[in-house]
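Colleague:
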Amino acid sequence: MSSRMADARELIRGSARRPLLAVGVLVLLTVPILAPGQSSLATEALIFALFAISVDIVLGYAGLLTLAPAAFFGLGAYSVAKVVVDYGQSFWLGFPVAIVLAIALAVVIGYIPIKQRIGNVYFVLFTLAFGAIVTDFTTVTTSLTGGSNGLGFFSPPEVLGIDLGDGLPYYYFTLLIVAVFGLGIYRLISSDYGDVLNATRQNELRMRYLGYDTNRELMIAWIVSAAVSALAGAVYVGMVGIASPSLVSFGLTGDVIIWIIVGGTGTLLGPFLAAIALVFTQELLQTIWQGGYRLLLGLLFVVFVFVFPDGLIGLIRGDE
Amino acid sequence: MYEVPLITADNFVTYMLNGVSRGMIIFLVASGLTLIFGLIGLINFAHGAMLALGGYGTYVVLQTMDNFWLGLGISVVLVTLLGYVLERKVLYWLYDEPLLGFLGTFGIGLVIEEALAVQFGSRSYTIQSPIPQSTELLGVTYPSYRLFVILVGAVVAAGVGLLLTRTRLGLEIHATANRQPTAEILGVNTTRIYTVTFVLGTALAALAGALTAPITSIYPTIGLDYITMAFLVIIVGGMGSFKGSFVVSMIVGQTIAFGWLVLEPTYVRILVFVAAMVFILYKPRGFFGKPEVHE
Amino acid sequence: MSDLLTVEDLNAFYGSSQILFDVSIDVGDNEVIGIFGRNGMGKTTLLDSLVNRIDRKTGRVTYRGEDISEWSTHEIIREQIAYVPEDREIYPALTVRENLELATPSGVSDDVREERIQNVFSQFERLGEREKQRGGTLSGGEQQMLAIGRGLVSDPDLLLLDEPTEGLAPAIIDDVVEILESLVTGDRTVLIVEQNIKRMLPLIDRGYIIQTGEIVEEGDSEYLSDEEIHERYLTV
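Protein chains in written order, with the UniProt record's numbering: chain V, 1 to 320; chain E, 1 to 295; chain C, 1 to 236.
(1) Alpha carbon to alpha carbon, what distance is there between Leu-171(E) and Leu-94(C)?
(2) Exposed or buried, Pro-291(E), counting other C-beta atoms within 10 Å across all chains shown (16 or more means buried)?
(3) With 8 Å as the limit, tell me which residues of the stretch 160 to 175 of chain E have their beta carbon closer than that to any beta carbon of chain C; keep them in chain order.
(4) Shorter than 8 Å from the beta carbon of residue 323(V) to some beta carbon of chain E?
(5) Among all the DSSP beta bridges, which residues are the ones paired with Tyr-125(E)?
(6) Which residues of chain V have a Cβ atom closer than 9 Å to the Cβ of Ile-256(E), listed in chain order?
(7) Can you tell me the Cβ-Cβ gap for Ile-313(V) and Leu-285(V), rounded? I've got them flagged as a contact below 8 Å.
(8) Do the CB positions of residue 243(C) and Thr-165(C) come within less than 8 Å of each other?
(9) With 16 as the cutoff for other CB atoms within 10 Å, does Tyr-223(C) come out buried or exposed?
(10) What residues in its chain sit with their C-beta under 7 Å from that of Met-1(E), if we drop five residues either side in the sequence?
(11) Going along the chain, which residues of the stretch 112 to 130 of chain V sit with their C-beta nearer than 8 Å to a C-beta in chain E?
(12) Please name the residues in the stretch 134 to 153 of chain V whose beta-carbon is closer than 8 Å to at least one beta-carbon of chain E, in chain order.
(13) On the three-state DSSP scale, how would you describe Asn-11(C)?
(14) Can you list, in chain order, the residues of its chain whose CB lies under 6 Å from that of Asp-10(E), leaving out five sequence neighbours each side?
(15) Suppose only complete runs of 3+ residues qualify. What are the beta strand (DSSP E) ranges in the stretch 198 to 266 of chain V, listed by chain order?
(16) Listed from N- to C-terminal order along the chain, which residues in the stretch 177 to 195 of chain E have their beta-carbon within a distance smaller than 8 Å of any beta-carbon of chain V?
(17) Is the shortest distance between the beta-carbon of Val-302(V) and the beta-carbons of chain E less than 8 Å?
(18) Taking the alpha-carbon positions, what's the Asn-18(E) to Val-97(V) distance?
(19) Measure the alpha-carbon distance for Ile-192(C) versus Gly-264(V) and round it to whole angstroms.
(20) Which residues does DSSP list as the beta-bridge partners of Thr-62(C)?
(21) Candidates Ala-227(V), Leu-299(V), Ala-277(V): which alpha carbon is nearest Ile-57(V)'s?
(22) I need the DSSP call for Tyr-194(E), collapsed to helix, strand or coil.
(23) Evaluate Pro-202(C) with the Cβ neighbour count: other Cβ atoms within 10 Å of its Cβ, from every protein chain shown; 16 or more gives buried, anything less gives exposed.
(24) Alpha carbon to alpha carbon, how far is Asp-136(V) from Val-120(C)? Give it in angstroms, no decimals.
(25) Have a look at Asp-162(C) and Val-7(C) and give me their C-alpha separation to the nearest angstrom.
(26) Is it true that the stretch 89 to 100 of chain E meets the stretch 148 to 157 of chain E, where meeting means three or more beta-carbon pairs spaced less than 8 Å apart?
(27) From the DSSP output, in three-state form, read off Met-1(C) for me.
(28) What do you reckon, are the CB atoms on Gly-152(V) and Ala-102(V) nearer than 8 Å?
(29) Taking the continuous alpha helix (DSSP H) assigned at Asp-111(C), which residues delimit it?
(30) What in chain E is Cβ-close to Ala-221(V), meaning under 8 Å?
(31) Excluding the 5 residues flanking Gly-289(E) on each side, which residues of the same chain have their C-beta closer than 8 Å to its C-beta?
(32) Along the chain, where does the alpha helix (DSSP H) containing Ile-112(E) start, and where does it finish?
(33) List, in order along the chain, the chain E residues whose C-beta lies closer than 7 Å to that of Pro-85(C)?
(34) Under a three-way DSSP split, which group does residue 306(E) fall into?
(35) Beta-carbon separation of Thr-138(V) and Pro-69(V) under 8 Å?
(36) So Arg-206(C) is in the alpha helix (DSSP H); what residue range does that whole segment cover?
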């Protein structure tokens, strides 16, 4: 392996970690100043990065392969849009509404399959059906969701004299949310709870013999993931100003699964970085080769599944 | 507001035939999926892309050589060949890892669909019916091509059904699906059985794609729409049950054909999906307790 | 005497644990060989290794002078080797006849297949009576007969039998032993793995005793009838 790769490994693992982290934070803070035209793209990238790690809790740590993350992301987006556009209420009211609804829906959908331990294959198919219902429902209930027209347009409000409808303030607002909840997830996963999830994924039976209520642990992961996904959706709709069916689509579900696999399942940093990198790559390619991005994304994904199943992080760490 | 259409004796027959022809296409997709799942335990998400390739292949040949039947034949053969290469060179390594198999086929499906989108754009193409005539049947005039689709579906159902229950290959498929190590010590080349089954399933998907093209038009993600429905059909029918996939496809076809009389079609689809979710939770082996392929 | 099957320095593994250690045996043409040992000593693993039904192994297995160590299971079986597994492994949803048809090599003609199945039915009349019954409905003894019948329809040169009397009622064991007696006469090589050495000694020409994955004794049936050996390696 080249010495450059070894250097990269050293950066991720070893003593260089702190300076690297500092550089990362500095870049995140100064993106709008370094690249003034790109603040909305950077906002989108951050939101998707949060979305990716929220889904990774379920997919990478709990080991529940879900095909419905977009349903929760979309629920968050539609909640905020509904509260603002149809009910004329505050933008901020939309956030608790989004999170409460996501938790409620997560309990309704997840309780029985997790309790009955329907197994990986059936969980995939169960969430496939749920995801299909949500997409169909979103397009067909025009009075509730605006159908294919979506719910919009609106702008986030002013706070303390700062207009969040502007790209730059909204970027910092997003950065704040992503930092708070991203670190929250990081703390949760680094705690004993993260170890419990890892152990449960690897050997659920043994964990039960050891006295853990594994159903409860998995349920917590499922609910936390749904709530943060919905929050990401809520922040997203504030940026684009409209909730539309593409936010609940299988396309978005596919994207988030790809970010996680390419970044490395069960590592928070990997999916976080992969989401950001791929959102920027998409923008870059959009101008060069219209439509080619998703083909390349698909190829990249296939390469990672078959050749580097541990993702970018695994590649850099050189784990076996 | 949604207008509720009225039912008469004439359109009753028409709706029923619509249900059968639609059910037959769903069956062609679902039966391939259920064979592959029942034998290999693989959730084959690339199945929809094979259907899409079957449709686009037919379209391309029709454009260049002006012959639908040639297009159907060529595209089914080529897609089947692709299925063979895919199984031998790629998927074979993932059989012990169901989740990796799912992700792998998901990725392969994505690549194929995006390649189609790059080549043909995301618009949909309609194909002229190769049999534009109509036939008098049960007192109604019905498009002959749809009757042809019904006939093909029935022949495939009977043919594959007999293959599974009456031939040595069927016996070997059953043995491999139920206990692969035992099949090996009885001299069955189970690696070959996996390949044959995967290729057969893929051929059925390609056939479905070619046959549906003149009815529904084709677009890059057509496969996703079909396999979502097909997956839920095979859940309700019993994963691995060929007979179950046929019966439930027929029921779903009729439900959609008549359901839109009382509900908007999308709601009918939603109801089918809800039924599938309930089945996964409470009767994961589906309606049919003793599938032909999988025990 | 020419060797039909030779095993040299066989080491076998399940996952990371080693089950067999440097096992070497040889089986001559038309010999009847027994392999004896307590439960969990590696008897089944030895048979599984011969037909490559295990995770990993090292060493050499030679059959008719050909190295078959790396062959896949069905390729080995198709060299007219029949394997009758310990758990019978009858297909419960298939009928008795279908179970037998499945085991008949696909190359043989319909007439030959029918003849062999009828031979099994004449040897095991109870199977003939239950021809159309599903395998899952058979009793333990009948399932053992079907398992042996499945081994015979391939007209094997080498028959591998794994604990044919295990889990059967004493009266049924008598039946099975009687069947085995009829199998070991004539020009067929048989390798029997058993715990029940006393019932097998009259049948075998030679035998090995296996203890925690190693061959510890080897000899003809007279030598192996020594009570002291039984005491040391076989009594539970």
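Think of the CB as a built atom: it goes at the ideal place given N, C-alpha and C, for glycine as much as any other residue.
Modeller: With the structure as the only source:
(1) 9 Å
(2) The pLDDT assigned to Pro-291(E) is 45, lower than 50, so where the model puts this residue is not dependable; a value taken from the coordinates is nonetheless given after this. Classification of Pro-291(E): buried, given that the 10 Å Cβ count is 16 or more.
(3) Arg-168, Leu-171, Glu-172, His-174, Ala-175
(4) Because chain V here runs from 1 to 320, residue 323(V) falls outside it and cannot be looked at.
(5) Ile-218(E)
(6) Simply none; closest approach about 13 Å.
(7) About 23 Å; that fails the 8 Å criterion.
(8) Because chain C spans 1 through 236 in this model, residue 243(C) falls outside it and cannot be assessed.
(9) exposed
(10) For Met-1(E), the predicted model reports a pLDDT of 46, less than 50, meaning its position is unreliable and no value from the coordinates is stated.
(11) Ile-112, Pro-113, Gln-116, Ile-118, Asn-120, Val-121, Tyr-122, Val-124, Leu-125, Phe-126, Leu-128, Ala-129, Phe-130
(12) Asp-136, Phe-137, Thr-139, Val-140
(13) strand
(14) Val-140
(15) none
(16) none
(17) yes
(18) 44 Å
(19) 51 Å
(20) Thr-6(C), Asp-67(C)
(21) Ala-227(V)
(22) helix
(23) exposed
(24) 59 Å
(25) 17 Å
(26) no
(27) The pLDDT assigned to Met-1(C) is 48, lower than 50, so where the model puts this residue is not dependable; a value taken from the coordinates is nonetheless given after this. Coil at Met-1(C), not helix or strand.
(28) no
(29) 110 to 123
(30) Ordered by position in chain E, no residue passes the 8 Å Cβ test against Ala-221(V), which lies about 17 Å from the chain.
(31) At Gly-289(E), the pLDDT of 48 sits below 50, so the modelled position is not reliable and the matter cannot be decided from this model.
(32) 98 to 120
(33) Ile-185
(34) The requested residue 306(E) does not occur in the structure, where chain E is confined to residues 1 to 295.
(35) no
(36) Element bounds for Arg-206(C): not the alpha helix (DSSP H) but the beta strand (DSSP E), 206 to 211.
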